[in-house]
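Visitor: Sharing a structure here in structure tokens format.
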Amino acid sequence: MSSTTREWQALDRAHYLHPFTDHQALGEEGSRVITRAEGVYIHDSEGRRLLDGMAGLWCVNLGYGRRELAEVAAEQLRELPYYNSFFKTTHPPAVRLAEKLCALAPDHVNRVFFTGSGSEANDTALRMVRHYWALKGKPRKQVVIARDNAYHGSTVAGMSLGGMAPMQGQGGPGVPGIVHVPQPYWFGEGRERTPAAFGRECAAALEAKILELGEENVAAFIAEPVQGAGGAIIPPDSYWPEVRAVLARYDILLVVDEVICGFGRLGEWFGSQHYGLQPDLMPIAKGLSSGYLPIGGVLVSDRVAETLIEAGGEFFHGFTYSGHPVCAAVALKNLELLEAEGVVERVRDDLGPYLAERWTRLATHPLVGEARSLGLIGALELVADKASGRRFDKALAVGNLCRDLSLEAGLVMRSVGDTLIISPPLVITRDQIDELVTRARRALDEAA
Ligand code: PLP
1 MSSTTREWQA
11 LDRAHYLHPF
21 TDHQALGEEG
31 SRVITRAEGV
41 YIHDSEGRRL
51 LDGMAGLWCV
61 NLGYGRRELA
71 EVAAEQLREL
81 PYYNSFFKTT
91 HPPAVRLAEK
101 LCALAPDHVN
111 RVFFTGSGSE
121 ANDTALRMVR
131 HYWALKGKPR
141 KQVVIARDNA
151 YHGSTVAGMS
161 LGGMAPMQGQ
171 GGPGVPGIVH
181 VPQPYWFGEG
191 RERTPAAFGR
201 ECAAALEAKI
211 LELGEENVAA
221 FIAEPVQGAG
231 GAIIPPDSYW
241 PEVRAVLARY
251 DILLVVDEVI
261 CGFGRLGEWF
271 GSQHYGLQPD
281 LMPIAKGLSS
291 GYLPIGGVLV
301 SDRVAETLIE
311 AGGEFFHGFT
321 YSGHPVCAAV
331 ALKNLELLEA
341 EGVVERVRDD
351 LGPYLAERWT
361 RLATHPLVGE
371 ARSLGLIGAL
381 ELVADKASGR
391 RFDKALAVGN
401 LCRDLSLEAG
411 LVMRSVGDTL
421 IISPPLVITR
431 DQIDELVTRA
441 RRALDEAA
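Numbering (the UniProt record's numbering), first residue to last: 1 to 448.
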């Protein structure tokens, strides 16, 4: 290891408290130091090049090193580096981005509220749905139904909406009035039934929860189209149509968290469009700027926006960096490039089907119980016994081993328990998909 790497690692160890990191587990080796990136590849301080099968944290949709984004940022920094849009002011980058987003969004969505991140977007959605019902004269409609094992961010509200037990076990109580229903994770929780039956069962559990709570007390249901951090969980085909039917029977808002699925991941601009959903609110972030600068938001349907506006009075909510001009300018350019280069259509028509064909071949591997993908998100379920689908006794150990072996093989994957995940930049080529699958197979072979 070079002395520069060692120096960075020592400083890192001394001063940097990392997100989602067991600092004890860093061991002798320390953190990998990433120094630069281009296209779908990242480079570390030891001169190694890795195919980034995770697009950073599911966000670098347009790939690394796009000069156009750097140039727009520099220009905007010179022109107007900061101004807010509170108190009767606005500025061109945020206005133009708002217009573009609403043009891309489903027809019934014509307004956006900007935030700095996906967590803030979900905090905003939570406050907004409760405020909406209060304005409608139904202040008792306060409970939000979310799903087990969901991830909606790390702020107190994001964590509370999320259904991740380890997160909820830390940092004290969360936001009251949030309850959870089963996730449509067929491989993990439903294999005794057919996928179709299990999808219906999860939707029925949502309806049972609404009836138990009383429709008059339920404000909203929040879910991702495909759960990302939970394990790239693609619901059975029956799930969303049944959930739509349930929600149509009750007056409950639908919040679709598009933080990962938005901006092309599933081969449509929004995951909602893939599943034919008509959300009332759509939290967004990540791919909005391809991760180049931090920006998020909530796309707001006419139904909710008109109530917020027509009721008058102020919604006492917002962030210093809501609609930050430099972030907004970069996000707009990112959307323009995704559009001009036909990236989303290519995921739908070419790369998504291509990945599915190559990735599902891994299902024949002795360690793999299921290989699934949709658009450019995919997962491998690792099993100790292929015939029965039995899991390993120590979940995570094998997942982490495969993840580490894939790094050795030059590929970044993520492990969630014994599920290995990929979510590469959307500009990946067919050849690079082949490279990704070959490297994943090499890691599996070494782990077996
Ligand atoms: N919602 C989903 C579905 C996410 O995957 C994430 C982050 O991974 C978030 C919200 C939180 O976004 P952020 O990390 O930008 O706060």
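The beta carbon of each residue, even a glycine, is placed where N, CA and C say it ideally should be.
Just so we're clear, the structure is a prediction, and the values are computed from it rather than from any experiment.
Which residue's Cα is closest to the Cα of S406: D393, A328, L420?
Guide: Minimum Cα distance to S406 is reached at L420.
Visitor: Keeping to the same chain, check which residues put their C-beta closer than 7 Å to that of V243; ignore five residues upstream and five downstream.
Guide: Once the five neighbours on either side are set aside, the close Cβ partners of V243 are A203, L206.
Visitor: Just the Cα atoms here: how many angstroms apart are V77 and A98?
Guide: Note that residue 77 corresponds to Leu in the displayed sequence, not to Val. About 19 Å.
Visitor: Please list, in chain order, all residues of the same chain as Q227 whose beta carbon is under 6 Å from its beta carbon, the five residues on each side excluded.
Guide: Closer than 6 Å at the Cβ level, and outside the excluded window around Q227, lie I233.
Visitor: Between R200 and V246, what straight-line distance do the alpha-carbon atoms span, to the nearest angstrom?
Guide: Cα to Cα, R200 sits roughly 10 Å from V246.
Visitor: Give the C-beta separation of L362 and A440 to the nearest angstrom, bearing in mind that I take them to be a contact with Cβ-Cβ under 8 Å.
Guide: Contact holds; Cβ gap of about 7 Å.
Visitor: If you count every other CB in all the chains shown that lies within 10 Å of the CB of D350, and 16 or more means buried, which is it?
Guide: By the neighbour-count rule (16 or more Cβ atoms within 10 Å), D350 is not buried but exposed.
Visitor: Using 7 Å as the cut-off, classify the Cβ of residue 469 as near or not near the heavy atoms of the ligand PLP, replying yes or no.
Guide: Nothing can be reported for residue 469: it is not among the residues displayed for the chain, which extend from 1 to 448.
Visitor: Using only alpha-carbon positions, find the residue among Y16, E46, D22 that is nearest to M1.
Guide: Of Y16, E46, D22, the residue nearest in Cα terms is E46.
Visitor: So, with DSSP's three-state summary, where would you put I210?
Guide: I210: helix per DSSP, three-state reduction.
Visitor: I'd like to check one pair, P325 with Y83: are the Cβ atoms closer than 8 Å?
Guide: Going by C-beta atoms, Y83 is nearer than 8 Å to P325.
Visitor: Pull up the DSSP beta-bridge partners for F86, would you.
Guide: Paired residues: none, contrary to the question.
Visitor: Are the CB atoms of A220 and V368 within a distance shorter than 8 Å?
Guide: Contact: no.
Visitor: Buried or exposed: where does K136 fall if 16 or more other Cβ atoms within 10 Å of its Cβ makes it buried?
Guide: So K136 ends up on the exposed side.
Visitor: By how many angstroms is the C-alpha of R140 removed from the C-alpha of G411?
Guide: A quick correction: the sequence has Leu, not Gly, at residue 411. Distance between the alpha carbons of L411 and R140 is about 50 Å.
Visitor: With DSSP as the reference, label S373 as helix, strand or coil.
Guide: Looking at S373 - three-state DSSP - the assignment turns out to be strand.
Visitor: If we ignore side chains and look at the alpha-carbon of each, how far apart do S373 and L355 end up?
Guide: Rounded to the nearest angstrom, the two C-alpha atoms are 7 Å apart.
Visitor: Pull up the DSSP beta-bridge partners for F221, would you.
Guide: Per DSSP, I145, L254.
Visitor: Closest to I252 by C-alpha separation, out of I284, G230, I210, would be which residue?
Guide: The candidate whose alpha carbon is nearest that of I252 is I210.
Visitor: Go through the region 128-175 residue by residue and report every complete run of the alpha helix (DSSP H) that reaches 4 residues or more, in order.
Guide: Complete alpha helix (DSSP H) runs here, min 4: 156-161, 165-168.
Visitor: Please state whether the Cβ-Cβ distance between H180 and R127 is less than 8 Å.
Guide: Contact: no.
Visitor: Where does residue 450 sit, in a helix, a strand or coil, going by DSSP?
Guide: With the chain covering only 1 through 448, there is no way to say anything about residue 450.
Visitor: Would G323 and G287 be called neighbours here (beta carbons separated by less than 8 Å)?
Guide: In this structure, G287 does not lie closer than 8 Å to G323 by Cβ.
Visitor: Could you tell me whether any non-hydrogen atom of the ligand PLP is closer than 7 Å to the CB of S119?
Guide: Yes, since a heavy atom of the ligand PLP falls inside the 7 Å radius drawn around the Cβ of S119.
Visitor: Using a Cβ-Cβ cutoff of less than 7 Å, which residues in the same chain neighbour R36 once the five nearest sequence positions on both sides are dropped?
Guide: Closer than 7 Å at Cβ, skipping near neighbours: H43.
Visitor: On the criterion of 16 or more Cβ atoms from any shown chain inside 10 Å, does F270 qualify as buried, or is it exposed?
Guide: The residue is buried, with at least 16 neighbouring Cβ atoms inside 10 Å.
Visitor: Identify which residue in T21, S160, F20, G27 has its Cα closest to the Cα of A10.
Guide: If we check each option's Cα against that of A10, G27 comes out closest.
Visitor: Just confirm the distance between the C-beta atoms of G188 and V427, as a whole number of angstroms; I'd bet it's less than 8 Å.
Guide: Incorrect: roughly 31 Å between the Cβ atoms, too far for contact.
Visitor: Less than 7 Å between the CB of L277 and some heavy atom of the ligand PLP, yes or no?
Guide: Result no, Cβ not under 7 Å from the ligand PLP.
Visitor: Can you give the beta carbon distance from A371 to L380, rounded, assuming they're within the 8 Å contact cut?
Guide: A371 to L380, Cβ: 5 Å. Contact.
Visitor: Starting from the C-beta of A311, find all residues in its chain whose C-beta is less than 7 Å away, skip the five residues before and the five after it, and write them out in chain order.
Guide: These residues qualify, in order along the chain: L135.
Visitor: Quick one: Cα of residue 449 to Cα of L213, how far?
Guide: The structure shown does not extend to residue 449, since the chain is modelled only from 1 to 448, so the question has no answer here.
Visitor: Please confirm whether any heavy atom of the ligand PLP lies closer than 7 Å to the CB of G63.
Guide: G63 Cβ: outside cutoff for every heavy atom of the ligand PLP.
Visitor: Where E79 and L101 are concerned, what is the direct C-alpha to C-alpha distance, given to the nearest angstrom?
Guide: Cα to Cα, the separation comes out at about 23 Å.
Visitor: Is S119 helix, strand or coil when you go by DSSP?
Guide: Of the three classes helix, strand and coil, the one that applies to S119 here is helix, per DSSP.
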